[in-house]
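Contents: one structure, followed by commentary.
2 protein chains.
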Amino acid sequence: MTGHLSAKPPILVILAFLTLGSVLTMYPPAAAAASVDGVLKLMPVPASVTVRDGRFRVDENLTIVPPYTGDPKGVVTSRAFKAAARFMSRLAGRTGLFLKQDFLTAQTPSVEGGIRYAYARPGALLPNEDESYALTVAPDKIALDAKTDIGVLRGLETLLQLLSADETGYYFPCVDIADKPRFTWRGLLIDVGRHFHPVDVIKRNLDAMAAVKMNVFHWHLTEDQGFRVESKVFPKLHQLGSDGMFYTQAQIRDVIGYAAERGIRVMPEFDIPGHSTSWFVAYPEFSSAPGSYGIERKFGVFGPAFNPSDERIYPFFDAFLKEMSALFPDPYLHIGGDEVEGHQWEANPAIQAFKKKNGLADNGALQAYFNKRLLKILTKYGKKMVGWDEVFQPGLPNDIVIHSWRGPKALVEAALKGYQGILSNGYYIDLCQPAEAHYLNDPLPPDSPLDDRQKALILGGEATMWSELVTPETIDSRIWPRTAAIAERLWSPASVTNVDDMYRRLGFVSVELEELGLLHLKNPDMLLRRLAGDPRIEPLKVLAEAVEPLKNYQRHGQAAYTSLSPFTRFVDACAPESLAARAFRKNIDQFLAGKDPKLGRKIGATLALWKANHVLVLPLIAASPALREIEPLSLGLARACEVGLEALDRLMKGQIQPAAWAEEKGKILAEAAKPAAHAELAVLSAVTKLVEASAGPAK
Amino acid sequence: MTGHLSAKPPILVILAFLTLGSVLTMYPPAAAAASVDGVLKLMPVPASVTVRDGRFRVDENLTIVPPYTGDPKGVVTSRAFKAAARFMSRLAGRTGLFLKQDFLTAQTPSVEGGIRYAYARPGALLPNEDESYALTVAPDKIALDAKTDIGVLRGLETLLQLLSADETGYYFPCVDIADKPRFTWRGLLIDVGRHFHPVDVIKRNLDAMAAVKMNVFHWHLTEDQGFRVESKVFPKLHQLGSDGMFYTQAQIRDVIGYAAERGIRVMPEFDIPGHSTSWFVAYPEFSSAPGSYGIERKFGVFGPAFNPSDERIYPFFDAFLKEMSALFPDPYLHIGGDEVEGHQWEANPAIQAFKKKNGLADNGALQAYFNKRLLKILTKYGKKMVGWDEVFQPGLPNDIVIHSWRGPKALVEAALKGYQGILSNGYYIDLCQPAEAHYLNDPLPPDSPLDDRQKALILGGEATMWSELVTPETIDSRIWPRTAAIAERLWSPASVTNVDDMYRRLGFVSVELEELGLLHLKNPDMLLRRLAGDPRIEPLKVLAEAVEPLKNYQRHGQAAYTSLSPFTRFVDACAPESLAARAFRKNIDQFLAGKDPKLGRKIGATLALWKANHVLVLPLIAASPALREIEPLSLGLARACEVGLEALDRLMKGQIQPAAWAEEKGKILAEAAKPAAHAELAVLSAVTKLVEASAGPAK
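Below, the structure written as structure tokens:
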């Protein structure tokens, strides 16, 4: 190529670097493959894995052979066969192989080889059901054996994750796997009250749950902001309380069936007596204060609560819970019970009189009274009661299940008194915390004070997707892939705690989940295109990699969000945890430990790219008013990276900076650390380390 | 920054260039803004637009005010109000504005300003219904007036497309628009027989149709490969003929309601007497040859056909069409009628005897006999018959509608004989042709031999999404954005034919469609991630930009595709029309016309990037057997670009090459032009032009 063709205007070079940066920073070098986990991509890690020599070749002749029952139709319509058909379809999708087996309908005649599965009986959708399986991959055949068909489902997911490739083609490595879950209750809660999430959102998340062996879908169906289930007995509830956004009973049954096909229980929650404004749009008379009610648009803890002293509410709940008990086959029904704000109760003289008359010392006792009445109704309809921490009050029988949002301490207290419990504290995925934080949160930590009998009362845990700030467009990226880390915590042995290896496998799982229709990797780009009004979003992607949403509930302090607000901002396109930022921080730690110049140059390139990105973000901001809020973030990143480059340069030259220099640079970093656009830079701690190291004593 | 920090290994530089290339080549300089169309982003272009000075500012105080009817609930549940609520939600999504109006439920009290709409009556979902509207944007208010609420829906889409931004914020430019469609039948056919497409696929495509003012969803519900609608009268049809992949009647009603809310008719098609293998799985006795039948897995024209000589089929169709006529409210019902293969009829002695006895000269006459019997049934149930070209046979009354897949000539013939017609020839979007080809295909070209009365018989056209090669994952990218060009052909005045401006606006529409959930821009990356088993897909994206799927039906010759094959290959991630390749070809034409050195350098950079991409594709291919088929494409692109660089260099230096040189290079290009991976390079014609120009006489 001749010289004049290679002349490039500077803007192109900058753009090139930037886009390059987005590639480089996202993928740290693979973690050292010291263990089986370091080689395989299984998530959750099985209870026991032995890798053997040999490979089972996957080609178009692959068949999956169900156990012959004598009734061909029985096989084809069985849950395991349908899962096997989905397995084959996903396998074909990944490999591009034109499998010869007509896996949708045909029971392939008995042939040698292929994948054979067997199970003793259909599994029940109940806690403590057997989900174990044994999977043996030999060079010429694969055997999957389980006590129940649910075990077969779990094993098929493991087999799919074993798919590997070499120069010859695709294969499964030869392994012996014996697997079973550590906890029997591995749940995901989706709050469809604060934002409605249509059936397709639920279904794709059920598919994702099944892929990581989760087995309880906790459907949080009612909230101040919406009553989301059709009631044929009290149709005004959904007609007036949902803005038309509710599930019909046919849809509910469809979802339950879809979940059951994947070995997932569906537990409904009707959150009472608080969090219930939407009920009172139809039935203001059941609330504890007079007045008409509208669907709540704001977020928070609100006053409206059912009036436990009003005898009329109990026949109402009897009829309603009778209807819902028939609609939802799961033996557990969650009555919420959290965060009764209390003012309505305190301001109501009839309620005060009722408390006095019945010796109910406080609102907790009043709520316990309410719960006891509800428990009677639920028991009549064959349901076990589950409730949040607050339902744990003296006087309740210990066949209720305590669902802890407050913390492990509350769970231990309940277990000590003989109550079963589920942990959600530490699994609040709406807080935008890193996967690591959830991963290391164990429902039964090594230092647990419980004895074995009490430990058995800890059923497991649930990730909770509270939906104040998520819509159907963004919910997948808030749930996945981080929830896969929680799934592993609840399935895998307690000893599986290698965080770096978890992140390595999380990347693969994330890509795998896409084949099930999950939008967590796709939608951020879409949101950026909408904001820019243009497909040219590269500089925004570069910035988004260095940014994370404000953690915990800080974002609510930034704007008066309501259920009608747009959740289409830049922050909504930022992942709750930036893997690029994590990789950058790891690189800095590694560099500071060893001062490897090659790594130093790599870090320098990343800093240079992020710094230069700002000039490219500016025209996009100018063209799009909705993007103007990100200017401080982009500028802050550029300035912090300039500081980082300076510190890195001195470090690589072995020059020590005076303390005043570090102080001055610290001010710039502090300025950059201020939240903007409801988000914050996720790379500043690492730059700070560079600055501090360069101001320290030479090594 | 100091020198050692800027040192970069060559691989990084190459990667940078490549990713840069993908940015640069996709977006040609905007077309000259010579007309109103060159400024606005409206698609389809309205019948009349006048742009005035002034801007209506969009801020959080914006309200949309329905006409007051005296019945607040009537307003809130009206089709226009629901469309207005969706409008506000999309507007909030684009702008990030926290609109103060509670647009879901509240009828805002009469205030000055804002958007006011009015209409005289609810529109009927019938051909020739009034869809006109008048839209006036003034600096202080917006008025949208229409004869029907359907006109309001159309006008709201136009208003949303008017959204603009300047340094102050968002605004609507002041305009006067008077708009109405040129054709009354603007349809999209989706074939759910060859591949099933679940309700969510249908719904998001209905939303996209509404966004570009299309009004007929043609639901091709039965095929050899699947019977997709629940029949309660003959449940074996869907139970045995669908692999469990069918729409329940509740889902059908849901979709019809969803379409109606968007001003879209739903016309069902039951394709008979051919294309009917799936019916015979349940009812082999109605076919024209003995034997049991299985659901067809392959694609093509197959033998099985109903037996018109068997009197038993008519009561069957009577009962079936009675049921379907009640399920689908549209007055039109499509009976298919295409491609009766004929062998079953010819091999059946009873049919031959029947033909002789009834004086039916050939299979066409036999089919006409069948159609007449069907017509009687349909008429009884209040339906008008629509059928493909083949139903146009002597003896049929002229209140049937001819749907032309064969060509405009057939349509003209029918119109000359007084039949109404719809054009689909030229709108076969499954052929992977460029938008331009469809755009310039006019149902009523200027040279039409029809008189005005006959012209009125041409109702419009339909884009046809035949689904042999598309799945729910890929269908959106096969339909959109190209179908928006067809929508414009059918809505806008015949004089709107500026192809470059169409492409300019197509890019904006494409991004807008994403807000409705369309996956055409998102899923290609997902497919590449799945193929690579990794999120690092940049080199694959670069290659995909230079590649298009094989056109027409050539792809079927590359592999024995079936309905169970994976459609997850590289080719499935390539857009039917690469806008990057189009831009490259336009650049080459422009360069050859003027030899602008700046443009030459830009072309050179693109060629260099594409050439260098090959070494980056190779490791991805090595890691993924499913990608190995793309090596010839990648290598061919690299070699062609090397040739192009050489030719460009000589051209820029003004050197003429000998004819032998051009011949030698032509061989390389011919080699690169060979299909591979079911795809082909889309940039070779442009490179060939470079070679030819550099071998020609100096200018």
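Sequence lines, in order, name chains A and B. Quick note: the first sequence uses the numbering used here, first residue 708, plus one each step. Quick note: the second sequence uses the numbering used here, first residue 708, plus one each step. Don't be surprised by glycine CBs; every beta carbon is placed ideally from N, CA and C.
Asked                                                                                                                     : Found
Cβ of B/ASP931 within 8 Å of any chain A Cβ                                                                               : no
Amino acids of chain A, ordered along the chain, whose beta-carbon sits closer than 7 Å to that of B/TRP877               : The question names Trp, yet the displayed sequence has Tyr at residue 877 of chain B. Chain A residues near B/TYR877: PRO1332.
Nearest-angstrom beta carbon gap, B/ARG889 and B/ALA1121 [assumed within contact, 8 Å]                                    : The pair is not a contact, with the Cβ atoms about 20 Å apart (cut-off 8 Å).
B/GLY1264 burial status per 10 Å Cβ neighbour count (16 or more: buried)                                                  : exposed
Any C-beta of chain A under 8 Å from that of B/ARG1237                                                                    : yes
Where A/ASP1356 falls: helix, strand or coil (DSSP)                                                                       : helix
Span of the alpha helix (DSSP H) around B/TRP986                                                                          : 984 to 989
Residue-level contact to chain A via CB, B/PRO735, 8 Å cutoff                                                             : At B/PRO735 the pLDDT is 35, less than 50, meaning the model places this residue with poor confidence and gives no usable figure here.
Where the region 892 to 919 of chain B meets chain A: residues whose CB sits under 7 Å from a CB there                    : ASP907
Other residues of its chain near B/SER1111: CB distance less than 8 Å, five sequence neighbours each side excluded        : TRP1095, ASP1096, ALA1117, LEU1118, ALA1121, GLY1128, ILE1129, LEU1130, SER1131, ASN1132
A/LEU1276, DSSP secondary structure in three states                                                                       : The sequence given here has Arg at residue 1276 of chain A, not Leu. Here A/ARG1276 sits in coil by DSSP.
B/PHE1006 (DSSP reduced to helix, strand or coil)                                                                         : coil
Any chain B beta carbon closer than 8 Å to A/LEU1271                                                                      : yes
Inter-residue spacing [alpha-carbon to alpha-carbon] between B/PHE1009 and B/ILE1042                                      : 17 Å
Chain A contact for B/LEU1228 (CB, 8 Å cutoff)                                                                            : yes
Bridge partner(s) assigned by DSSP for A/THR891                                                                           : Beta-bridge pairing links A/THR891 to no other residue.
From B/ILE771, B/GLY1301, B/ALA845, residue whose alpha carbon lies closest to that of B/PHE788                           : B/ILE771
Where B/THR1086 sits in the DSSP three-state scheme                                                                       : helix
Buried versus exposed, by CB contacts within 10 Å (16 or more), A/ALA739                                                  : Because the pLDDT at A/ALA739 is just 31, under 50, the model does not fix this residue reliably, and the point stays unresolved.
Closer than 8 Å to chain B by CB, A/VAL940                                                                                : no
Contact under 8 Å by Cβ, B/GLN956 with B/LYS939                                                                           : yes
Completely contained beta strand (DSSP E) runs for the region 826 to 875 of chain B, where each covers 3 or more residues : 840 to 844, 849 to 855
Spatially closest choice to B/LEU1166 from B/GLY800, B/LYS1005, B/PRO834, B/PHE763, by CA coordinates                     : B/PRO834
Under 8 Å between C-beta atoms of A/PRO975 and A/MET1031                                                                  : yes
Against chain B: residues of the region 1241 to 1261 of chain A by CB proximity under 8 Å                                 : ASP1241, PRO1242, ARG1243, GLU1245
Neighbourhood of B/SER1016 by C-beta, 6 Å cutoff - its chain only, sequence neighbours within 5 removed                   : ALA1057, ILE1058, PHE1061
Members of the region 1196 to 1229 of chain A that neighbour chain B once the beta carbon cut-off is set at 9 Å           : GLY1214, PHE1215, SER1217, VAL1218, GLU1219, GLU1221, GLU1222, GLY1224, LEU1226, LEU1228, LYS1229
Pick from A/GLN808, A/PRO880, A/ASN922, A/ALA845 that is closest to A/ARG668, judged by C-alpha positions                 : Absent from the model: residue 668 of chain A. The displayed extent of chain A is 708 to 1406, so no value can be given.
B/ILE1084 and B/PHE1024 closer than 8 Å at C-beta                                                                         : yes
C-beta atoms of B/VAL899 and B/LEU944 nearer than 8 Å                                                                     : no
Three-state class that DSSP yields for B/HIS1110 in the structure shown                                                   : strand
Spatial distance of B/THR1178 from A/GLU1222 (CA atoms)                                                                   : 12 Å
Chain A within 8 Å of B/ASP856, Cβ atoms only                                                                             : no
Exposure of B/LYS1064, with buried meaning 16 or more beta-carbon neighbours within 10 Å                                  : exposed
A/ARG759, buried or exposed, once every other Cβ within 10 Å from all chains shown has been counted against 16            : exposed
Best match in B/PHE924, B/GLY1001, B/PHE879 for proximity to B/ASP931 [C-alpha to C-alpha]                                : B/GLY1001
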